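K.L.:
Once you've had a glance at the structure underneath, I'll fire off some questions.
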Amino acid sequence: MFIEQPSKWLRWLYPSAIWRMDPHQKAVYLTFDDGPIPEATPIILDILDEYGAKATFFMVGDNVRKYPALKDEVERRGHRLGNHTYNHIGGIRWTSRNYLDNTHKADALICSHLFRPPRGWMRWAQYMRLRKKYTIIMWDLVTRDYSMLLTADDIYTNVRRYARNGSIITFHDSLKSIDKLRTALPLSLRWLSDQGYEFRVFAADQPRSRHLK
């Protein structure tokens, strides 16, 4: 549970980031990290269409450079875009200046006020600078679809076990995840729908807030 649903103390590390949306509303917020790539993103888009679900795609800038038509297709189908740095770099290993430059380079292609740090970590100085320009979106449930130790059924189980009102649910449109998501994503969307959850995306002017319960 420490990984799939972060503890409250971890959420307090970045107090103005959004980890969970309104816990009083029967809604979840689907997110996909690391794309777009032709081997995964189109498959995910088709599955989302089948279930009438919208999502937010936190894109890597270099992937957008290589596959601009995929980025446009995500937008055309009504999904929201977010910034995931240009090279999927972790803030801990980079100076603040280089990390910020990399993020802003991605923004020139993605043009989004939403930001999610790769691996969920930033230096405090990076966080303080980024929060002035971006709404930082973390997660309430990370499915760990990228893990070689988990199966499609494990991913589906994580969704059923940890999803709750206001959950920001993280999947990945990546090579590591797509084989499992072919099965786990439809099962998860069907189950969430059967439980009465609405699929929502973040507002165009999403305010900074936090829900820590």
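Sequential numbering from -18 applies to the sequence shown in this note's numbering.
Glycine is no exception: its CB is placed at the ideal position from the N, C-alpha and C atoms.
Because the structure is a prediction, the values reported are computed rather than measured.
#1: I think I117 touches F183, with their Cβ atoms under 8 Å apart; what is that distance to the nearest whole Å?
#2: Ignoring anything shorter than 3 residues or poking outside the segment 58 to 141, list the beta strand (DSSP E) runs there in chain order.
#3: Assuming F39 and F152 make a contact with CB atoms under 8 Å, what is their CB distance in whole Å?
#4: Can you tell me which residues form a DSSP beta bridge with F38?
#5: Is the beta carbon of S155 closer than 8 Å to that of D53?
#6: Tell me which same chain residues have a C-beta within less than 6 Å of the C-beta of M103, skipping the five on either side of it?
#7: Within this structure, are the beta carbons of T22 and V45 separated by less than 8 Å?
#8: Using alpha carbons as the reference points, say which of F180, Q187, A185 lies closest to A36.
#9: Count Cβ pairs between the segment -3 to 7 and the segment 159 to 174 that sit closer than 8 Å; are there 3 or more?
#10: Tell me the DSSP secondary structure of R46 in three-state form.
#11: To which residues does DSSP link H153 through a beta bridge?
#12: Under DSSP, the alpha helix (DSSP H) around I159 begins and ends at which residues?
#13: Quick check on this structure: which residue in Y32, Y143, T164 has the alpha carbon closest to the alpha carbon of S(-12)?
#14: Can you tell me which of N139, A106, M2, D43 puts its alpha carbon nearest to the alpha carbon of W172?
#15: Could you tell me the alpha carbon to alpha carbon distance between N146 and L130, rounded to whole angstroms?
#16: If I follow the unbroken alpha helix (DSSP H) through I(-16), where does it start and stop?
#17: Is it true that the CB of I70 sits closer than 8 Å to the CB of P49?
#18: Looking only at DSSP bridge pairs, what is F180 linked to?
#19: Span of the alpha helix (DSSP H) holding P23?
#20: Could you tell me the distance, in whole angstroms, from the CA atom of K125 to the CA atom of T164?
#21: Could you check whether the Cβ of P99 sits closer than 7 Å to any heavy atom belonging to the ligand NAD?
P.N.:
The relevant details are as follows:
#1: At roughly 11 Å, the Cβ-Cβ gap does not stay under 8 Å, so I117 and F183 are not in contact.
#2: Taking 3 residues as the shortest admissible run, the segment 58 to 141 contains the following complete beta strand (DSSP E) segments, listed from N- to C-terminal end: 61 to 64.
#3: With a Cβ gap of about 11 Å, F39 and F152 do not count as contacting.
#4: For F38, the beta-bridge partners assigned by DSSP are F13, L62.
#5: No. Outside cutoff.
#6: Here M103 has G72 as same chain residues with Cβ atoms under 6 Å from its own Cβ, once five neighbours each way along the sequence are excluded.
#7: Cβ atoms of T22 and V45: not closer than 8 Å.
#8: It is F180.
#9: No, because fewer than three Cβ pairs between the segment -3 to 7 and the segment 159 to 174 fall closer than 8 Å, the two stretches do not touch.
#10: R46: helix per DSSP, three-state reduction.
#11: According to DSSP, which records beta bridges pairwise, H153 is partnered with D14.
#12: Where I159 is concerned, the enclosing alpha helix (DSSP H) stretches over 159 to 175.
#13: For S(-12), the closest C-alpha among the options Y32, Y143, T164 is that of Y143.
#14: Measuring from the Cα of W172, the nearest candidate turns out to be N139.
#15: For N146 and L130, the distance between alpha carbons rounds to 28 Å.
#16: Premise fails: I(-16) is in no alpha helix (DSSP H) and is neither H nor E.
#17: No.
#18: Answer by DSSP bridge pairing, in chain order: V9.
#19: Looking at the DSSP string, the run of the alpha helix (DSSP H) that includes P23 is 22 to 31.
#20: Contrary to the premise, residue 125 reads as Arg rather than Lys in this sequence. R125 and T164: Cα-Cα distance of roughly 14 Å.
#21: Although the ligand NAD was asked about, the structure shown includes no ligands whatsoever.
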